[in-house]
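Worksheet: one structure, shown below.
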Amino acid sequence: TCPVNAITSGNNSILFLRDLATPNKIVITQMAPSVRVAIGEAFGFETGANVEKKIAAGLRKLGVDYVFDTTWAADLTIMEEANELAERVKRYLEGDKEVKLPILTSCCPAWVKFIEQNYGDMLDVPSTSKSPMQMFAAVAKDLWGKEKGLSREQITSVAIMPCIAKKYEASRPEFSRGLNYDVDYVITTTELIDIFKKSNIDLSQLEDEEIDQVMGEYTGAGIIFGRTGGVIEAATRTAVELITGQRVDNIEFTSLRGFDGFRSCELTVGDLTLRIGVTYGLKEARKMLDKIRSGEEFYHAIEIMACTGGCIGGGGQPRAKKREETIKSRMEGLNEIDRSLPLRRSNDNPAVLAIYEKFLDYPLSNKAQELLHTRYFVKRKK
Ligand code: SF4
Numbered sequence: 232t233c234p235v236n237a238i239t240s241g242n243n244s245i246l247f248l249r250d251l252a253t254p255n256k257i258v259i260t261q262m263a264p265s266v267r268v269a270i271g272e273a274f275g276f277e278t279g280a281n282v283e284k285k286i287a288a289g290l291r292k293l294g295v296d297y298v299f300d301t302t303w304a305a306d307l308t309i310m311e312e313a314n315e316l317a318e319r320v321k322r323y324l325e326g327d328k329e330v331k332l333p334i335l336t337s338c339c340p341a342w343v344k345f346i347e348q349n350y351g352d353m354l355d356v357p358s359t360s361k362s363p364m365q366m367f368a369a370v371a372k373d374l375w376g377k378e379k380g381l382s383r384e385q386i387t388s389v390a391i392m393p394c395i396a397k398k399y400e401a402s403r404p405e406f407s408r409g410l411n412y413d414v415d416y417v418i419t420t421t422e423l424i425d426i427f428k429k430s431n432i433d434l435s436q437l438e439d440e441e442i443d444q445v446m447g448e449y450t451g452a453g454i455i456f457g458r459t460g461g462v463i464e465a466a467t468r469t470a471v472e473l474i475t476g477q478r479v480d481n482i483e484f485t486s487l488r489g490f491d492g493f494r495s496c497e498l499t500v501g502d503l504t505l506r507i508g509v510t511y512g513l514k515e516a517r518k519m520l521d522k523i524r525s526g527e528e529f530y531h532a533i534e535i536m537a538c539t540g541g542c543i544g545g546g547g548q549p550r551a552k553k554r555e556e557t558i559k560s561r562m563e564g565l566n567e568i569d570r571s572l573p574l575r576r577s578n579d580n581p582a583v584l585a586i587y588e589k590f591l592d593y594p595l596s597n598k599a600q601e602l603l604h605t606r607y608f609v610k611r612k613k
């Protein structure tokens with residue numbers, strides 16, 4: 232079960248296998264950053280090992296037509312979120328008293344549902360950017376599909392996620408056109424392990440295969456989305472440069488890192504100091520939001536994730552006996568990928584810049600707002 236009691240829906244493995252076997256269906260997958268450093272545990276790899284190329288091979292063996300990467304859309308999310316953050320901080324520094332701060336990252340559906348149910352008076356604070364999963368799916372069905380001559384109905388869009396609450400997010404009506412949803416359904420990491428095992432696919436025996444382009448290229452900023460503090464670190468890598476107009480050399484913002492469930496951090500770059508709150512677990516989120524609401528704490532930006540350590544500890548990930556040790560190894564696995572990449576800022580991702588050049592003009596443009604942004608609603612607890 233989901234550790235945060237987010238609404239869940241059933242296992243879609245049978246549907247996935249049925250769609251893969253149906254002629255004329257184009258099945259595309261995206262996989263979240265944290266899946267690649269956890270799934271290997273079930274196939275004898277070391278905890279934290281990056282097995283994304285084995286996953287690509289395994290999915291193609293199952294019959295997936297295009298294997299894409301949510302991390303590409305994490306970079307796209309940062310382009311939108313960082314521009315929102317930079318715009319609000321710039322206005323604040325210029326003395327605009329009307330500007331809403333902090334700005335909240337909004338890629339965790341359990342957390343979004345929590346604020347909708349419990350803090351209805353604070354809904355104008357979250358970033359309106361869709362989560363990477365939803366941004367990916369909107370671009371895939373509305374832009375990539377069109378270029379390929381495929382209708383929305385011809386594409387089956389499957390998201391492989393560390394998260395049970397993502398099943399709920401995919402089913403929200405604002406992410407659909409009538410009965411056609413941007414994400415058709417979500418398969419969790421543990422469900423995919425089960426599918427591979429029942430299909431006699433052993434990831435340790437497969438040759439590496441590349442992820443499909445163009446929605447596969449990612450930067451280090453996109454990959455750290457999977458751990459606590461990673462979304463806000465990725466956003467500030469871009470936002471700080473937007474605010475100061477300067478290229479920042481050291482973009483490992485270690486002041487935002489750590490494993491405590493409630494962290495108040497100061498990020499200083501040149502003359503700019505940002506106060507940033509990072510939490511995981513909804514008990515800690517409640518504490519942070521109450522402090523912000525009462526004026527006891529001020530932050531320019533906050534990141535809240537529902538699961539321990541962020542998505543690497545998600546309810547759809549393999550369970551481990553030594554939980555904290557395992558989560559920390561997965562976290563280090565993501566940091567290692569980040570360090571190994573030539574591009575580590577989302578604003579340097581050529582495949583993301585190409586989407587703006589070709590279709591969306593620039594971050595926060597009208598076209599980007601229409602495709603990549605959403606709204607939040609006050610919700611009653613059932
Ligand atoms: Fe899902 Fe990640 Fe949020 Fe956990 S922290 S509920 S895995 S999005």
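So my numbering is basically just the index in the sequence shown, starting at one, shifted up by 231. Built from N, CA and C at the ideal position, the CB exists for glycine as well. Computed from a predicted structure; not experimentally measured.
Cβ-based neighbour list, residue i, same chain, cut-off 8 Å, excluding 5 preceding and 5 following
| i | result |
| --- | --- |
| T504 | E497, L498 |
| A369 | K361, F406, D413, L602, L603 |
Other residues of its chain near residue i: CB distance less than 7 Å, five sequence neighbours each side excluded
| i | result |
| --- | --- |
| S409 | The amino acid occupying residue 409 in the given sequence is Gly; Ser does not appear at that position. Counting only Cβ-Cβ distances below 7 Å, and skipping sequence neighbours, we find nothing. |
| E438 | A288 |
| K612 | Q348 |
| N281 | R267, V268, G564, I568 |
| R291 | V298, E440 |
| R500 | Arg is not the amino acid found at residue 500; the sequence shown has Val there. Counting only Cβ-Cβ distances below 7 Å, and skipping sequence neighbours, we find V471, T475, V479. |
| K429 | none |
| K321 | I474 |
Enclosing alpha helix (DSSP H) for residue i [first to last residue]
| i | result |
| --- | --- |
| L246 | 244-251 |
| E315 | 301-324 |
| E472 | 461-475 |
| E283 | 283-293 |
| E534 | Looking at the DSSP string, E534 is not in any alpha helix (DSSP H); the run it does join, the beta strand (DSSP E), is 532-536. |
| K598 | 597-603 |
| G453 | 451-454 |
| K344 | 340-349 |
Continuous beta strand (DSSP E) stretch holding residue i: start and end
| i | result |
| --- | --- |
| G508 | 503-511 |
| F493 | 493-500 |
| Q261 | 257-262 |
Residue nearest to residue i in terms of C-alpha spacing, selected from the options
| i | options | result |
| --- | --- | --- |
| K610 | G351, G508, A313, L602 | G351 |
| E315 | T253, A466, A304, V389 | A466 |
| E318 | E472, S486, L423, P404 | E472 |
| K522 | F484, R606, M353 | M353 |
| N566 | G492, F590, E483, K589 | E483 |
| T308 | Q365, E556, I346, A371 | Q365 |
| P254 | Q548, V295, Y416 | V295 |
| K285 | L374, L324, I424 | I424 |
| I543 | R249, M262, H604 | M262 |
| T605 | I463, S337, G376 | S337 |
| S560 | Q600, N431, F490 | F490 |
| S265 | S486, T302, N242, E277 | T302 |
| N243 | I426, Q385, K377 | I426 |
| Q385 | V258, A585, E588, Q600 | V258 |
| R458 | W375, I558, N431, S486 | I558 |
Nonlocal neighbours in the same chain, by C-beta distance under 6 Å from residue i, ignoring five residues either side
| i | result |
| --- | --- |
| A305 | P363, G453, F456 |
| V417 | A390, M392, K397, K398, A401 |
| R383 | K372, N411 |
| L603 | E311, K361, M366 |
| D443 | Y297, V298, F299 |
| Q548 | A269, P393, T420 |
| R494 | V509 |
What runs of the beta strand (DSSP E), each 3 residues or longer, lie entirely inside the stretch 399-445? 416-419
Three or more beta-carbon pairs under 8 Å between the stretch 257-277 and the stretch 424-437, yes or no? yes
Segments assigned alpha helix (DSSP H), at least 4 residues, entirely inside the stretch 539-588: 554-571, 581-586
Which runs of the alpha helix (DSSP H) at least 4 residues long sit entirely within the stretch 358-398? Give them in chain order. 363-370, 376-379
Is it a yes or a no for the stretch 316-335 touching the stretch 524-533, going by three-plus beta-carbon pairs under 8 Å? yes
Stretch pair the stretch 588-601 + the stretch 305-325: three plus CB contacts closer than 8 Å: yes
Are there three or more Cβ pairs, one per stretch, closer than 8 Å when the stretch 450-466 is compared with the stretch 571-581? yes
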